[in-house]
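For reference, the structure is listed below as structure tokens.
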Amino acid sequence: MSGAKFDEMNAGDASVRAHYQSYQRWLERQPDAVMQARRAEAEMIFRRVGITFAVYGDKDDGNSETGGTERLIPFDLIPRIIPAHEWDSMERGLVQRVTALNRFIHDVYHDQEIIKAGVIPAEQIFQNAQFRPEMMGVDVPGNIYSHISGIDIVRAPNAQGEGEYYVLEDNLRVPSGVSYMLEDRKMMMRLFPDLFSQNRVAPVAHYPDLLLETLRDNSPAHRAEPTVVVLTPGMYNSAYFEHAFLAQQMGVELVEGQDLFVKDNFVYMRTTRGPKRVDVIYRRVDDDFLDPLAFRPTSTLGCAGLLNVYRSGNVALCNAIGTGVADDKSIYPYVPKMIEFYLGEKPILKNVPTYMCRNPDDLAYTLANMKDLVVKEVHGAGGYGMLVGPASTNAEIEDFRKAVQANPAGYIAQPTLSLSTCPTYVDSGIAPRHIDLRPFVLSGKTVQMVPGGLTRVALKDGSLVVNSSQGGGTKDTWVLEDDNYATGQSQTQSQSGQSQSQSQGGTK
Amino acid sequence: MLSRTADHLFWMSRYTERAENTARMLDVNYQTSLLPQSTAVAQVGWQGLLSISELSSAYEGKYGAINARDVMDFMVRDEKNSSSIISCLKNARENARAVRGTLTTEVWETQNQTYLEIFRMLRNGEFERDPGQFFEWVKFRSHLSRGVTVGTMLQDEALHFMRLGTFLERADNTARLVDVKFHAVQSDFYGAASEKDQEYDFYHWSAILRSVSAFEIYRRVYRNVIKPERVAELLILRADMPRSLAASLQEVVNNLKLVTDDSTCETVRRAGKLSADLQYARIDEILATGLHAYLTQFLDRVNELGAYISRDFLVPATS
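Going down the list, the sequences are from chains H and C. Residues 39 to 546 (my numbering) are what the first sequence spells out, left to right. Residues -8 to 310 (my numbering) are what the second sequence spells out, left to right.
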């Protein structure tokens, strides 16, 4: 790991970066006791609201209060702030990237021009477990496959010590976390309303509206009033809160597989007034579990016959089946080439340099430098199946080396980025902790998003793993609406002393 | 609305109502056990409480002999007992969590808060410190839950299924309470022999009235001394007494009509008939044929009605 560090708030010379100055002045004025009380208040509210997630394979966290399987994701009070000009460029880069990824998926399941042109080797696609032959030649509305894309972005210092954004990963299957983005903002506005009158923070609360618009845009038949539903694996799924939250915010039904059935090549849900046709399914269930007749036969989370209805164009799935072929870590290194191939543009967002162990040269380099690299299983997710070289013991490295040697094509390696940090409340006070960012990109008739995204923070000192399943927390993410930061004195609403009673009658 | 959603809403309300009524029954037993009466009499009270909940054998299997402390523990904090207050509140909250998107934020937070609080209270020994206060708290949370439901929910199917659950459960619970308390009286219905027994009767009947918040109502309605047949009439037939069988069934019918557009529906017919039977009944006739037999039949009919509601709306047969 290079010694260079980049902090979002504090520049190397002990000065505070321009876009954080207003916040910094505010923070200095807050007594520590008040901030501690706010932390406790936030936790109490999150628990009461039930903003929790379940942890896989962790039946008992010793907390009998919540039945043992529900946990809070720690919320940090210090926001991650992104200046407007940085966001503008990032947003353009995201639109470009997601547009190219959708073009790619469509191409894979139709004419496969990109393979014919020799840009991506055929076996990288056909031997990919996420490639779904069932989708060959199937036309989906608007040729959009990934309607909701979560693009993980990290920042690391370049040679000049400036922060540089990189895309770490594309999530095109069922990306989660957007509810935390929305709830974190709600919490910040509740705890610190004055901050929002002093800073022009771009709002994010309209995300469910954009999502609903996107889902309706993808309705199959020309139905004037398409019926949209959210399909959840159920209340014991780790992201259940989010499924319920989004369904409620959009005003649509939250269904489970058992609520759906197929009849005469249409999908219906069982209601108290008989069957009702379903047009768009925002599914939060993986491909494998969607249809026991087509995929995993033991799945009870999906709906038998769904794939056939889908292939006939009588129901829309968001995201489409088979998007995993484009967000796999073995495809990731090709995304910049995709952008050039489909759009004829230079990529705006950078990829992290990646060694593909399937190439003998890259494999040799990887094996020789495991101590300095992050090695990832191409199908791993959620921070599992990953080796962070500099943070691992020799034994761990040797175990991983054997795994890589046994199946080189199953691994990629990347230099260990020194992820940017952001000041964060920890037990000992405020300390820098590593963060990432997941913006949520919506593709319907247009590609759009709310400013910012979900900032995750690795709460353990030095840790680079931000996943909530591995002890990560979240922060509110501010995109400032203009670059004329409120560096002057903030305006205060000095109305104290003004009488509250306009007229209490009765006066002479 | 999804059948499964309606099912969760219906059961969320039933469990909330059941927790409240269990607290009411425990409270009345606890209060009367403080009166100067023989252990045997108190014993009968606790035994009755278990038998109306059909829990006698489950209790005996676990605790053996009946004593107040154990019965209260069993009915309040035993998570293995699916009828205990903690189980009811937990089930209510689990059902709410499964459909939280259908509930208003206030309704969900009330359910969730109740659930989090009861664990805290039991852990801190607040129940042992003051059982009466604890039962009050359970009742209060149920009032709050009902109030926040009526006060914030859109008046659509979701609300109607919740109300349906509340009143069907209440009809069941009140019938059980009346059954056991009248059963407990060994002496002749029409007055105790000795003066001392008469005094005891007063406390017995007034405790029952208090357990359904009907003591003041009784005075207002009858302006007379407390007589068992009037207590029975009030709790069974008075349509203006909010926890009576007649009032509960009236609400069941009202809410059923709101969720169906099929007036020939068998479920609606059965509910209507049961409600009409209460509306046109006379207490002396009921007592003449035997209260226990009457209530047993009533409970069967309520149970059947629940099965019909389930079949028609909540868990319909597969397509």
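We treat Cβ as the ideally placed atom computed from N, Cα and C, and that holds for glycine.
* Asked: I think residue 394 of chain H touches residue 368 of chain H, with their Cβ atoms under 8 Å apart; what is that distance to the nearest whole Å?
  -> Position 356 of the first sequence, counting from 1, holds the residue named residue 394 of chain H. Position 330 of the first sequence, counting from 1, holds the residue named residue 368 of chain H. With 8 Å as the limit, residue 394 of chain H and residue 368 of chain H qualify as a contact, their Cβ atoms being about 7 Å apart.
* Where residue 158 of chain H falls: helix, strand or coil (DSSP) -> Here residue 158 of chain H is taken as the residue at index 120 of the first sequence, counted from 1. Reduced to three states, the DSSP call for residue 158 of chain H is coil.
* Using beta-carbon positions only, say whether residue 83 of chain C and residue 7 of chain C come within less than 8 Å of one another. => Counted from its first residue, the second sequence places residue 83 of chain C at position 92. Counted from its first residue, the second sequence places residue 7 of chain C at position 16. Contact: yes.
* To do: Return yes when the C-beta of residue 147 of chain C is under 7 Å from any heavy atom of the ligand COA, and no when it is not.
  => The ligand content of the structure shown is nil, which means the ligand COA is not present either.
* **Beta-carbon contacts of residue 78 of chain C that lie in its chain and below 7 Å, excluding the five residues immediately before and after** => The residue labelled residue 78 of chain C in the question sits at position 87 within the second sequence. Correct list, in chain order: 70 and 72.
* Asked: With a cut-off of 8 Å, does the C-beta of residue 309 of chain H fall near any C-beta of chain C?
  -> Within the first sequence, residue 309 of chain H is the residue found at index 271, counting from 1. Taking Cβ atoms only, chain C reaches closer than 8 Å to residue 309 of chain H, which makes this a yes.
* To do: Consult DSSP for residue 391 of chain H and reduce its assignment to one of helix, strand or coil.
  => Translated into the one-based positions of the first sequence, residue 391 of chain H becomes position 353. Coil at residue 391 of chain H, not helix or strand.
* Who does residue 462 of chain H pair with in a DSSP beta bridge? -> Position 424 of the first sequence, counting from 1, holds the residue named residue 462 of chain H. DSSP lists H:469 as partners of residue 462 of chain H.
* Would you kindly work out how many angstroms separate the C-alpha atoms of residue 87 of chain H and residue 96 of chain C, rounded to a whole number? => Position 49 of the first sequence, counted from the start, is the residue given in the question as residue 87 of chain H. Position 105 of the second sequence, counted from the start, is the residue given in the question as residue 96 of chain C. For residue 87 of chain H and residue 96 of chain C, the distance between alpha carbons rounds to 8 Å.
* To do: Go ahead and pull the three-state DSSP assignment for residue 198 of chain H.
  => Stepping through the first sequence from its first residue, residue 198 of chain H is reached at position 160. Of the three classes helix, strand and coil, the one that applies to residue 198 of chain H here is coil, per DSSP.
* Classify residue 472 of chain H as buried or exposed, calling it buried when 16 or more other Cβ atoms lie within 10 Å of its own Cβ. => One-based indexing of the first sequence puts residue 472 of chain H at position 434. Buried.
* So residue 296 of chain H packs on residue 246 of chain H, CB below 8 Å; how close in whole Å? -> As a first step, residue 296 of chain H must be located in the first sequence, where it is residue number 258. As a first step, residue 246 of chain H must be located in the first sequence, where it is residue number 208. Going by Cβ atoms, the distance from residue 296 of chain H to residue 246 of chain H rounds to 25 Å, so no, they are not a contact pair.
* Have a look at residue 374 of chain H and residue 358 of chain H and give me their C-alpha separation to the nearest angstrom. => By one-based count along the first sequence, residue 374 of chain H stands at place 336. By one-based count along the first sequence, residue 358 of chain H stands at place 320. So the two alpha carbons sit approximately 22 Å from each other.
* Apart from the five residues on each side of it in sequence, which residues of its chain come closer than 7 Å, Cβ to Cβ, to residue -6 of chain C? -> As a working note, residue -6 of chain C is residue 3 in the second sequence. For residue -6 of chain C, where only same-chain residues beyond five positions count, the Cβ hits under 7 Å are 304, 305, 306 and 307.
* Give the secondary structure of residue 6 of chain C by DSSP, where H, G and I count as helix, E and B as strand, and everything else as coil. => By one-based count along the second sequence, residue 6 of chain C stands at place 15. Here residue 6 of chain C sits in helix by DSSP.
* C-beta neighbour in chain C for residue 285 of chain H, strict 8 Å -> Counting from one through the first sequence, the residue named residue 285 of chain H turns up at place 247. For residue 285 of chain H, the answer is yes, since a Cβ of chain C falls inside 8 Å of its Cβ.
* Cβ neighbours of residue 71 of chain H in the same chain (closer than 6 Å, five flanking residues each side left out) -> Counted from its first residue, the first sequence places residue 71 of chain H at position 33. Within the same chain, residue 71 of chain H has no close Cβ partners at all.
* Nearest to residue 370 of chain H by CA position, among H:344, H:417, H:333 and H:336, is which residue? -> Residue numbering aside, residue 370 of chain H sits at position 332 when the first sequence is read from its first letter. Each of H:344, H:417, H:333 and H:336 was checked against the Cα of residue 370 of chain H, and the nearest Cα belongs to H:417.
* State the Cα-Cα distance for the pair residue 206 of chain C and residue 218 of chain C, rounded to the nearest angstrom. => Here residue 206 of chain C refers to the residue found at position 215 when the second sequence is read from its first residue. Here residue 218 of chain C refers to the residue found at position 227 when the second sequence is read from its first residue. One C-alpha to the other measures close to 12 Å.
* Bridge-paired residues (DSSP) for residue 486 of chain H -> If you number the first sequence from 1, residue 486 of chain H lands on position 448. Note: residue 486 of chain H sits in a beta bridge opposite H:480.
* Which residues in chain H sit within 7 Å of residue 312 of chain C, going by Cβ to Cβ distance? -> The structure shown does not extend to residue 312 of chain C, since chain C is modelled only from -8 through 310, so no value can be given for it.
* Put residue 310 of chain C into one of helix, strand or coil per three-state DSSP. => Position 319 of the second sequence holds residue 310 of chain C. Per-residue confidence for residue 310 of chain C stands at a pLDDT of 45, beneath the threshold of 50, marking its modelled position as unreliable; no derived number is given.
* To do: Entirely within the region 114 to 148 of chain H and at least 4 residues each: give me those alpha helix (DSSP H) ranges in chain order.
  => 122 to 146
* Asked: Would you say residue 307 of chain C faces chain H, with C-beta separation under 8 Å as the test?
  -> The residue given as residue 307 of chain C occupies position 316 in the second sequence. Yes, because at least one Cβ of chain H sits closer than 8 Å to the Cβ of residue 307 of chain C.
* Could you tell me whether any Cβ in chain H is nearer than 8 Å to the Cβ of residue 91 of chain C? => Counted from its first residue, the second sequence places residue 91 of chain C at position 100. Interface criterion met: the Cβ of residue 91 of chain C is under 8 Å from a Cβ in chain H.
* To do: State the Cα-Cα distance for the pair residue 198 of chain H and residue 486 of chain H, rounded to the nearest angstrom.
  => Within the first sequence, numbered from 1, the residue matching residue 198 of chain H stands at position 160. Within the first sequence, numbered from 1, the residue matching residue 486 of chain H stands at position 448. Their backbone Cα atoms lie some 32 Å apart in a straight line.
* Asked: Would residue -3 of chain C count as contacting chain H if we go by Cβ distances under 8 Å?
  -> Start at 1 with the first residue of the second sequence, and residue -3 of chain C comes out as number 6. Taking Cβ atoms only, chain H reaches closer than 8 Å to residue -3 of chain C, which makes this a yes.
* Asked: Out of curiosity, what's the CA-to-CA distance linking residue 457 of chain H and residue 59 of chain H?
  -> To locate residue 457 of chain H, count along the first sequence from 1; it is residue 419. To locate residue 59 of chain H, count along the first sequence from 1; it is residue 21. Roughly 22 Å separates the two Cα atoms.
* Can you find a C-beta in chain H that's less than 8 Å from the C-beta of residue 104 of chain C? -> Along the second sequence, one-based indexing puts residue 104 of chain C at 113. Yes, its Cβ sits closer than 8 Å to a Cβ of chain H.
* Would you say the region 237 to 255 of chain H touches the region 75 to 87 of chain H, given that touching needs at least three Cβ pairs under 8 Å? -> no
* So, is the C-beta of residue 304 of chain C closer than 8 Å to a C-beta in chain H? -> Mapped onto the second sequence, residue 304 of chain C falls at position 313. Answer yes: the Cβ-Cβ gap between residue 304 of chain C and chain H drops below 8 Å somewhere.
* What residue from H:381, H:312 and H:495 has the CA that sits closest to residue 192 of chain H's CA? -> Counted from its first residue, the first sequence places residue 192 of chain H at position 154. Nearest option by C-alpha distance: H:495.
* Asked: Can you give the Cα-Cα distance for residue 164 of chain H and residue 153 of chain H, rounded to whole angstroms?
  -> Position 126 of the first sequence, counting from 1, holds the residue named residue 164 of chain H. Position 115 of the first sequence, counting from 1, holds the residue named residue 153 of chain H. Each residue's alpha carbon lies about 11 Å from the other.
* Asked: Opposite residue 187 of chain H in the DSSP bridges: which residues?
  -> In the first sequence, counting from the first residue as 1, residue 187 of chain H sits at position 149. H:479, per the DSSP bridge assignment.
* To do: For residue 296 of chain H, return the contacting residues in chain C, with the cut-off set at a CB-CB distance below 8 Å.
  => Here the question's residue 296 of chain H lines up with position 258 in the first sequence. Simply -5.
* To do: Please check if any C-beta of chain C sits within less than 8 Å of the C-beta of residue 282 of chain H.
  => Start at 1 with the first residue of the first sequence, and residue 282 of chain H comes out as number 244. At least one chain C Cβ lies under 8 Å of residue 282 of chain H.
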